[in-house]
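Student:
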Amino acid sequence: MNRRPLPAQLEQLVLQLEQDNTQTICLIGDQGKTGVTHFATALAEHYLLAGYRTLLLDLNLDNPAFECPLQSEQNQGEWIAHQHTRQLFAGLVAPTTQSQLRLYQEPRALAQQMQLWQQDYERIVIDAGSLHNSQTQSNNTAIVNACDATLLTCSGGVTTQEELCVALEYLQQAKANVCGVIVNQYFQQTFAFQLLTAIKYCRFLPQRLQQWLHKVINRAQLFKQTV
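Under this note's numbering, the residues of the sequence shown are numbered 2 to 228, in order.
(1) Are residue 68 and residue 82 touching if we call contact CB-CB under 8 angstroms?
(2) Is the stretch 103-113 touching the stretch 143-154, taking contact as three or more C-beta pairs under 8 angstroms?
(3) Do residue 27 and residue 129 have their beta-carbon atoms positioned less than 8 angstroms apart in this structure?
(4) Check whether the Cβ atoms of residue 44 and residue 16 sit closer than 8 angstroms, and answer yes or no.
(5) Taking contact to mean at least 3 C-beta pairs separated by less than 8 angstroms, is the stretch 115-126 in contact with the stretch 152-163?
(6) Less than 8 angstroms between C-beta atoms, sequence neighbours within five positions excluded: which residues of the same chain meet that for residue 84?
(7) Tell me where the alpha helix (DSSP H) around residue 215 begins and ends.
(8) Taking the C-alpha atoms as reference points, what is the distance between residue 207 and residue 86?
(9) Does the distance from the C-beta atom of residue 140 to that of residue 29 stay below 8 angstroms?
(10) Between the beta-carbon of residue 63 and the beta-carbon of residue 156, is there less than 8 angstroms?
(11) In chain order, what residues of the same chain have a beta carbon less than 8 angstroms from the beta carbon of residue 1, not counting five sequence neighbours either side?
(12) Residues bridged to residue 59 by DSSP?
(13) Would you say residue 109 reaches chain D, if we count a Cβ-Cβ gap shorter than 8 angstroms as a contact?
(14) So, residue 25 versus residue 185, is the Cβ gap smaller than 8 angstroms?
(15) Under the assumption that residue 172 contacts residue 154 (Cβ atoms under 8 angstroms), give the Cβ distance between them as a whole number of angstroms.
(16) Confirm, please, whether the CB-CB distance from residue 8 to residue 40 is below 8 angstroms.
(17) For residue 172, does the three-state DSSP call read helix, strand or coil?
(18) Between residue 117 and residue 93, how many whole angstroms is the CB-CB distance? I'm expecting something under 8 angstroms.
(19) Do you know offhand how far residue 221's Cα is from residue 196's?
(20) I believe residue 21 touches residue 164 by the beta-carbon criterion, under 8 angstroms. Please report the beta-carbon distance rounded to the nearest angstrom.
(21) From the DSSP output, read off the bridge partner residues of residue 182.
(22) The alpha helix (DSSP H) that contains residue 93, what's its start and end?
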């Protein structure tokens, strides 16, 4: 299996986590749709291919992305598969009952469970969803407090400075060890994208000229900057 490069936003953070020998990492968004699952999956894959025994926990109640590949009682808690990519990980799917949620709401019980998991796994990655989910606010406090490191994700071009400050203050009050902020630039359009969109609606331009402009714009590094 070829190792895929880490998302650029994660590269430096992963180096720092490795230097600190960080074993349990929580990824959480300041709001929904910040790419938490994408980054958590990429991090878990990185650790697996680096030779670490890795556990991936789906605690994203906003948008759970994993399921049990085999619908059987024996498979529960062993393997999870991404619903779209079908990537397979050792892990747990998102809790669906109050009894399952209770484990992540009680700090002492969660700390004990983390210690048990660490006996079998060298790296534990948690997709904790977003801070603004009312169902998981009590869970989030216990989860980030139980992890060695927390990475906050936000949306470039969408998250405001005020919203980011509020999220960081919340994590500080929860006594989370925030080791970095990941800015997901999915929502940030490049200058090239905007130019190509404008050309698309200039129907008076000859087809050959449009094709030539497409080539020039796609090749120019200057137009690949986000705006």
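Beta carbons are placed, not taken as given, at the ideal position from N, Cα and C, and that holds for glycine. Please read these numbers as outputs of a predicted model, since none were measured by experiment.
Tutor: Reading it off the structure:
(1) By 1-based counting over the sequence shown, the position of residue 68 is 67. By 1-based counting over the sequence shown, the position of residue 82 is 81. Result yes, Cβ atoms of residue 68 and residue 82 sit closer than 8 angstroms.
(2) yes
(3) As a first step, residue 129 must be located in the sequence shown, where it is residue number 128. As a first step, residue 27 must be located in the sequence shown, where it is residue number 26. For residue 129 and residue 27, yes; Cβs fall inside 8 angstroms.
(4) Numbered from 1 along the sequence shown, position 43 holds the residue referred to as residue 44. Numbered from 1 along the sequence shown, position 15 holds the residue referred to as residue 16. Cβ distance not < 8 angstroms, so residue 44 and residue 16 don't count as in contact.
(5) no
(6) Position 83 of the sequence shown, counted from the first residue, corresponds to residue 84. Within the same chain, residue 84 has close Cβ partners 66, 67 and 68.
(7) Against the sequence shown, residue 215 aligns to sequence position 214. Residue 215 -> alpha helix (DSSP H) spans 208-220.
(8) Stepping through the sequence shown from its first residue, residue 207 is reached at position 206. Stepping through the sequence shown from its first residue, residue 86 is reached at position 85. Distance between the alpha carbons of residue 207 and residue 86: 40 angstroms.
(9) Your numbering for residue 140 matches position 139 in the sequence shown. Your numbering for residue 29 matches position 28 in the sequence shown. Not in contact: residue 140 and residue 29 (Cβ atoms no closer than 8 angstroms).
(10) Residue 63 sits at position 62 when you count from the first residue of the sequence shown. Residue 156 sits at position 155 when you count from the first residue of the sequence shown. It is not a contact, given that the beta carbons lie outside the stated cut-off.
(11) Here the chain covers residues 2 to 228 and nothing more, so residue 1 does not appear.
(12) Indexing the sequence shown from 1 puts residue 59 at position 58. In the DSSP output, where bridge partners are listed per residue, residue 59 has 128.
(13) The chain labelled as chain D is not found in the depicted structure, where only one protein chain is given.
(14) Taking the sequence shown and counting its residues from 1, one reaches residue 25 at position 24. Taking the sequence shown and counting its residues from 1, one reaches residue 185 at position 184. No. Outside cutoff.
(15) The residue you call residue 172 lines up with position 171 of the sequence shown. The residue you call residue 154 lines up with position 153 of the sequence shown. At roughly 12 angstroms, the Cβ-Cβ gap does not stay under 8 angstroms, so residue 172 and residue 154 are not in contact.
(16) Counting from 1 along the sequence shown, the entry for residue 40 is found at position 39. Counting from 1 along the sequence shown, the entry for residue 8 is found at position 7. Cβ distance < 8 angstroms, so residue 40 and residue 8 count as in contact.
(17) Position 171 of the sequence shown, counted from the first residue, corresponds to residue 172. Residue 172 falls in the helix class under three-state DSSP.
(18) Within the sequence shown, numbered from 1, the residue matching residue 117 stands at position 116. Within the sequence shown, numbered from 1, the residue matching residue 93 stands at position 92. That pair is no contact at about 13 angstroms.
(19) Taking the sequence shown and counting its residues from 1, one reaches residue 221 at position 220. Taking the sequence shown and counting its residues from 1, one reaches residue 196 at position 195. Near 12 angstroms, if we compare the C-alpha coordinates of residue 196 and residue 221.
(20) As a first step, residue 21 is located in the sequence shown; it is residue number 20 there, counting from the start. As a first step, residue 164 is located in the sequence shown; it is residue number 163 there, counting from the start. 28 angstroms between Cβ atoms; not a contact.
(21) In the sequence shown, counting from the first residue as 1, residue 182 sits at position 181. DSSP lists 153 as the bridge partner or partners of residue 182.
(22) Residue numbering aside, residue 93 sits at position 92 when the sequence shown is read from its first letter. Here residue 93 belongs to no alpha helix (DSSP H); instead the beta strand (DSSP E) covers 89-93.
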